[in-house]
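Visitor: Chains as they are written, first to last, in the numbering used here: chain W, 1 to 452; chain Z, 453 to 904.
Structure, rendered in structure tokens:
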């Protein structure tokens with residue numbers, strides 16, 4: 001939370017503490033709900049949170065509520081009267097209600113559902129059943145639906161009458177009598193068109209829409225590609241059942257990026273807030289990968305043990321193992337992360353694999369030559385090893401950089417090819433594989449060059 | 453490019469090839485401009501690209517143009533007549549024109565500027581001078597500006613008359629006679645309000661705005677935080693000079709994520725498309741880090757050389773160096789990437805450093821114990837080493853995991869504290885530092901336990 005926002009919140013609370021209720025309400029009404037929710041988050045006294053929340057102006061309290069932490073939402077839901085709860089849920093957008101209920105224990109969900117009318121209850125239950133990360137779980141029902149036989153005048157009247165409760169009125173969706181989606185029309189077009197025009201004559205029919213079962217990442221890609229601010233979501237029969245708006249998509253994009261970054265660092269992704277997560281929960285998301293990678297790395301011990309006789313003959317070789325492994329690991333990571341990211345952005349497709357491989361091999365040859373040359377000079381000039389040792393290390397370096405970049409390029413693409421998540425094939429995985437290769441190459445070249 | 457979109461584009465081109473011009477134009481007008489631009493990208497015959505572009509319906513050609521690659525934009529700009537160029541630039545949004553000109557050689561820029569009126573030329577020149585990644589370089593001038601003494605009727609008339617050329621009409625910005633920003637009003641509010649209402653009575657005055665010099669990342673954070681779809685950009689005197697819309701911010705968010713991911717993989721970020729970048733250019737963005745990290749890693753050689761006598765006495769110790777280094781590196785990466793990402797998302801602030809450290813130490817102790825225990829059992833049960841060697845390796849493993857997680861936690865936060873980019877302190881950097889620590893700890897524990 002930024003200093004400036006914190007100070008403004010403190011100011012707000014001071015008004016309440018001094019009993020200046022009208023001033024508090026006036027100022028709170030002008031304050032962005034997300035700022036109030038974040039301010040509340042830092043208050044640990046539950047009674048105080050409840051008192052402040054109850055004093056908020058009615059027209060912002062549901063907005064503030066939807067930005068609050070699950071813990072504080074639960075606190076408020078549990079202590080609210082039935083009437084208060086009914087009002088709160090009535091004022092919230094359905095997608096926010098569903099997000100809230102998803103995190104609540106059974107008793108709170110039951111209490112909330114008992115305080116909604118039968119239709120809303122049915123819709124909420126249906127939404128709670130959409131798979132996580134699907135378009136269905138992300139959508140809301142507060143959209144403007146028009147019929148193609150409406151005139152612009154009738155459409156505008158309808159929007160004026162109901163628009164205040166809609167999540168967006170700027171794109172209106174046109175449906176037929178079976179509620180099937182037949183087109184969309186922007187409010188911009190509606191206000192410019194003559195009032196007697198029929199919607200069917202100005203609506204766009206060639207539109208992008210999503211299906212409830214689509215993955216949220218695919219929906220986000222459509223938003224990015226077509227510069228959308230909202231999208232219609234249809235069921236299997238192409239009936240309009242909801243819309244998704246850009247503000248939720250921005251969060252999806254950020255979450256998907258976080259997920260990819262975590263996977264690339266060998267962490268099992270979770271939605272938990274870092275500062276709120278327990279140490280044990282963090283361990284649960286990291287230890288499995290650490291264990292797996294540690295056990296895979298024992299393969300390197302086997303290789304070294306196998307060449308123990310060789311190493312006894314030239315202990316000096318040991319000194320360069322870490323540098324060789326690190327350089328190979330770093331080159332491999334650079335390549336794998338580049339390939340993974342470009343695949344995620346759709347810049348590289350699987351059918352480009354040969355082009356990518358060819359490019360990476362060229363990069364590897366140039367990088368490998370440069371690294372090997374610098375290393376050779378450094379060893380000759382600044383350390384007391386023989387030219388043969390320097391040559392062994394440098395040739396190994398060249399070879400391992402090439403192997404690392406090829407592995408770093410092919411592994412993520414191979415993972416995607418067989419339906420695995422390529423992000424898992426990033427640095428840690430590549431490093432483990434490349435380490436074993438580097439050692440093998442090192443010992444083979446040493447045997448050959450040094451005649452050991 | 454997805455198969456389905458490619459097929460649709462091929463279909464479109466077929467119409468043109470068969471001379472069905474009206475059908476082509478009709479179909480092209482319904483096709484998303486970005487899809488046409490991507491289709492054109494795959495055509496290598498320059499004459500063919502020009503012929504197709506010239507046949508596009510006038511009202512979509514400028515949209516298609518702004519999605520095209522710089523190479524193809526240059527091709528079209530160079531072969532266009534002055535009249536064609538004038539029309540193209542007139543139809544484009546100013547932010548797209550600026551993006552296009554930024555990539556053009558001087559002769560094309562000159563040709564374009566010669567074909568714009570003096571006012572536009574001045575504005576373009578001014579926009580070209582905003583620093584890269586600033587709000588100024590991102591904004592456009594096609595916004596709706598209202599005066600606070602307008603009535604709703606007058607405002608709506610103004611929007612109806614000029615709205616077709618605006619990038620968005622859904623948020624209108626209210627200025628005073630000095631063009632200073634005094635508020636904003638949504639089109640939703642305008643259509644609901646009575647026609648005789650004054651704008652000053654319904655506008656919001658407590659609004660979030662940006663300054664031309666703000667970093668685009670900070671602007672994107674405001675969009676995310678406050679669920680904006682557009683933002684006003686003001687100069688130093690608070691005069692409204694432009695707006696930024698959410699579609700450009702979505703690209704910024706994606707670009708900033710890509711940049712962070714590249715930095716974390718020790719790659720110098722660039723805007724170049726991977727498939728179009730030359731191998732040499734890729735090398736230029738990777739080799740500096742590889743060289744730096746390689747040279748830093750020679751520190752590990754020094755440590756090993758120093759303990760050569762110890763190693764000669766127990767060559768078996770060498771076998772576990774890679775596993776120890778990898779495990780330490782992986783633990784360090786997990787922590788550093790977690791900290792870096794949470795700082796980027798604003799979930800961790802610098803003042804949380806003690807909480808973060810405390811959490812990471814607990815995670816490290818639990819993970820370290822688990823890894824050490826598993827490793828000890830594995831070595832005792834499945835390899836022929838003595839209990840003392842197994843103990844040496846396991847105790848080292850425990851210690852290095854703790855060191856790695858502490859380094860992985862403190863380094864990115866320290867970097868941010870002194871104004872460096874924390875993303876640089878990710879896996880490769882941490883690995884190099886942690887490797888040296890691991891080796892030192894290993895040899896010290898070996899000396900102590902084995903009495904070498």
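Yeah, the Cβ is synthetic: ideal placement off N, Cα and C, and Gly gets one too.
(1) With residue 534/Z and residue 581/Z assumed to form a contact (beta carbons below 8 Å), what rounded beta-carbon distance in angstroms separates them?
(2) Could you give the DSSP three-state label for residue 598/Z: helix, strand or coil?
(3) What's the C-alpha gap between residue 461/Z and residue 486/Z?
(4) Closer than 8 Å by C-beta to residue 663/Z: which residues in its own chain qualify, once you throw out the five before and the five after it? Chain order, please.
(5) Given a limit of 8 Å on CB to CB distance, which residues of the stretch 658–676 of chain Z reach chain W?
(6) Since residue 308/W meets chain Z, which of its residues come closer than 9 Å, beta carbon to beta carbon?
(7) Which whole-angstrom value is the C-beta distance of residue 439/W and residue 774/Z, which I expect to be below 8 Å?
(8) For residue 511/Z, is the classification buried or exposed, using 16 other Cβ atoms within 10 angstroms of its Cβ as the cut-off for buried?
(9) Listed from N- to C-terminal order along the chain, which residues in the stretch 776–788 of chain Z have their beta-carbon within a distance smaller than 9 Å of any beta-carbon of chain W?
(10) Taking all protein chains shown into account, do 16 or more other C-beta atoms lie within 10 angstroms of the C-beta of residue 910/Z, making it buried, or fewer, making it exposed?
(11) Assess, as a yes-or-no matter, whether the stretch 777–785 of chain Z is touched by the stretch 840–860 of chain Z under the definition of 3 or more beta carbon pairs within less than 8 Å.
(12) Run through chain Z and tell me which residues come within less than 8 Å of residue 312/W, C-beta to C-beta.
(13) Which of helix, strand or coil does DSSP assign to residue 389/W?
(14) Which residue or residues does DSSP assign as beta-bridge partners of residue 180/W?
(15) Looking only at its chain, what residues have a beta carbon closer than 6 Å to the beta carbon of residue 470/Z, apart from the 5 residues adjacent to it on each side?
(16) Between the beta-carbon of residue 239/W and the beta-carbon of residue 180/W, is there less than 7 Å?
(17) Starting from residue 624/Z, follow its DSSP beta bridges and name the residues at the other end.
(18) Is there a Cβ of chain Z sitting closer than 7 Å to that of residue 92/W, yes or no?
(19) Using a Cβ cut-off of 7 Å, pull out every chain Z residue sitting near residue 305/W, in sequence order please.
(20) Please report the straight-line C-alpha distance between residue 972/Z and residue 601/Z, rounded to a whole angstrom.
(21) Which word fits residue 473/Z, buried or exposed, when buried means at least 16 other C-beta atoms lie within 10 angstroms of its C-beta?
(22) Identify the contact partners of residue 482/Z in chain W, using a Cβ-Cβ distance below 9 Å as the criterion.
(23) Would residue 49/W and residue 72/W qualify as a contact pair, given that the criterion is a beta-carbon distance under 7 Å?
(24) On the CB-based measure, 16 or more other CB atoms within 10 Å of its CB, does residue 125/W come out buried or exposed?
(25) So what's residue 130/W in DSSP terms, helix, strand or just coil?
(26) Do the stretch 788–801 of chain Z and the stretch 700–717 of chain Z make contact, defined as three or more Cβ pairs closer than 8 Å?
(27) Three Cβ pairs or more, each shorter than 8 Å: is that satisfied between the stretch 731–746 of chain Z and the stretch 361–368 of chain W?
(28) Report all residues from its chain with a CB closer than 8 Å to the CB of residue 463/Z; omit the five preceding and five following residues, and keep chain order.
(29) According to DSSP, simplified to helix, strand and coil, what is residue 220/W?
(30) Go through the stretch 262–332 of chain W residue by residue and report every complete run of the alpha helix (DSSP H) that reaches 4 residues or more, in order.
(31) Could you name the residues of chain W that residue 880/Z contacts, counting a contact when the two beta carbons are closer than 9 Å?
(32) Report the residues of the stretch 606–623 of chain Z with a CB closer than 8 Å to any CB of chain W, ordered along the chain.
(33) In angstroms with no decimal places, state the Cα-to-Cα distance between residue 495/W and residue 164/W.
(34) Below 7 Å between beta carbons: does that hold for residue 141/W and residue 242/W?
(35) Checking the sheet assignment: what are the DSSP bridge partners for residue 886/Z?
(36) Going by C-alpha to C-alpha distance, which of 292/W, 244/W, 424/W sits closest to residue 223/W?
Guide: In this structure, then:
(1) Counted from its first residue, the second chain places residue 534/Z at position 82. Counted from its first residue, the second chain places residue 581/Z at position 129. Contact between residue 534/Z and residue 581/Z does not hold, since the beta-carbon distance rounds to 25 Å and is not under 8 Å.
(2) For the purposes of this step, residue 598/Z is taken as residue 146 along the second chain, with counting starting at 1. Strand at residue 598/Z.
(3) Locating residue 461/Z in the second chain gives position 9, where the first residue counts as 1. Locating residue 486/Z in the second chain gives position 34, where the first residue counts as 1. Cα to Cα, residue 461/Z sits roughly 11 Å from residue 486/Z.
(4) For the purposes of this step, residue 663/Z is taken as residue 211 along the second chain, with counting starting at 1. Cβ neighbours of residue 663/Z beyond the five flanking positions: 587, 685, 686, 687, 688.
(5) 658, 660, 675, 676
(6) Locating residue 308/W in the first chain gives position 308, where the first residue counts as 1. Taking a Cβ-Cβ cut-off of 9 Å, the neighbours of residue 308/W in chain Z comprise 767, 768, 770, 771, given in sequence order.
(7) In the first chain, counting from the first residue as 1, residue 439/W sits at position 439. In the second chain, counting from the first residue as 1, residue 774/Z sits at position 322. Between the beta-carbon of residue 439/W and that of residue 774/Z there is about 7 Å, and that keeps the pair under the 8 Å contact cut.
(8) Start at 1 with the first residue of the second chain, and residue 511/Z comes out as number 59. The residue in question, residue 511/Z, is exposed, as its Cβ has fewer than 16 Cβ neighbours within 10 Å.
(9) 776, 777, 778, 779, 781, 782, 783, 785, 786, 787, 788
(10) Since the displayed chain Z opens at 453 and closes at 904, residue 910/Z lies outside it and no answer follows.
(11) Touching, per the Cβ criterion.
(12) Position 312 of the first chain, counted from the first residue, corresponds to residue 312/W. The answer, in chain order, is 764, 767.
(13) Numbered from 1 along the first chain, position 389 holds the residue referred to as residue 389/W. If DSSP states are grouped into helix, strand and coil, residue 389/W belongs with the helices.
(14) One-based indexing of the first chain puts residue 180/W at position 180. 239/W.
(15) Indexing the second chain from 1 puts residue 470/Z at position 18. Same-chain partners within the cutoff: there are none.
(16) Here residue 239/W is taken as the residue at index 239 of the first chain, counted from 1. Here residue 180/W is taken as the residue at index 180 of the first chain, counted from 1. Their beta carbons are under 7 Å apart, which means residue 239/W touches residue 180/W by this criterion.
(17) The residue you call residue 624/Z lines up with position 172 of the second chain. Note: residue 624/Z sits in a beta bridge opposite 637/Z.
(18) Counted from its first residue, the first chain places residue 92/W at position 92. No, no contact with chain Z.
(19) Within the first chain, numbered from 1, the residue matching residue 305/W stands at position 305. From the beta-carbon of residue 305/W, the residues of chain Z found nearer than 7 Å are 771.
(20) Residue 972/Z cannot be examined here, being either before or after the span of chain Z that is shown, 453 to 904.
(21) Here residue 473/Z is taken as the residue at index 21 of the second chain, counted from 1. With fewer than 16 other Cβ atoms within 10 Å, it is exposed.
(22) Position 30 of the second chain holds residue 482/Z. Correct list: 204, 205, 206.
(23) Counting from one through the first chain, the residue named residue 49/W turns up at place 49. Counting from one through the first chain, the residue named residue 72/W turns up at place 72. Result yes, Cβ atoms of residue 49/W and residue 72/W sit closer than 7 Å.
(24) If you number the first chain from 1, residue 125/W lands on position 125. The C-beta of residue 125/W has fewer than 16 other C-beta atoms within 10 Å across all chains shown, which makes the residue exposed.
(25) Stepping through the first chain from its first residue, residue 130/W is reached at position 130. Residue 130/W: coil per DSSP, three-state reduction.
(26) yes
(27) yes
(28) Position 11 of the second chain, counted from the start, is the residue given in the question as residue 463/Z. Correct list, in chain order: 479.
(29) The sequence position of residue 220/W within the first chain is 220, counting from 1. In the structure shown, residue 220/W sits in a helix (DSSP, three-state: H, G or I).
(30) 279–306, 308–313
(31) As a position in the second chain, residue 880/Z is number 428, starting the count at 1. Under the 9 Å cutoff, chain W gives 326, 329, 330, 333, 334, 427.
(32) 608, 611, 612, 615, 616, 621, 622
(33) Because chain W here runs from 1 to 452, residue 495/W falls outside it and cannot be looked at.
(34) As a first step, residue 141/W must be located in the first chain, where it is residue number 141. As a first step, residue 242/W must be located in the first chain, where it is residue number 242. Contact flag set, yes.
(35) Counted from its first residue, the second chain places residue 886/Z at position 434. Answer is none; residue 886/Z lacks a bridge partner.
(36) If you number the first chain from 1, residue 223/W lands on position 223. Comparing Cα-Cα distances from residue 223/W to each of 292/W, 244/W, 424/W, the minimum goes to 244/W.
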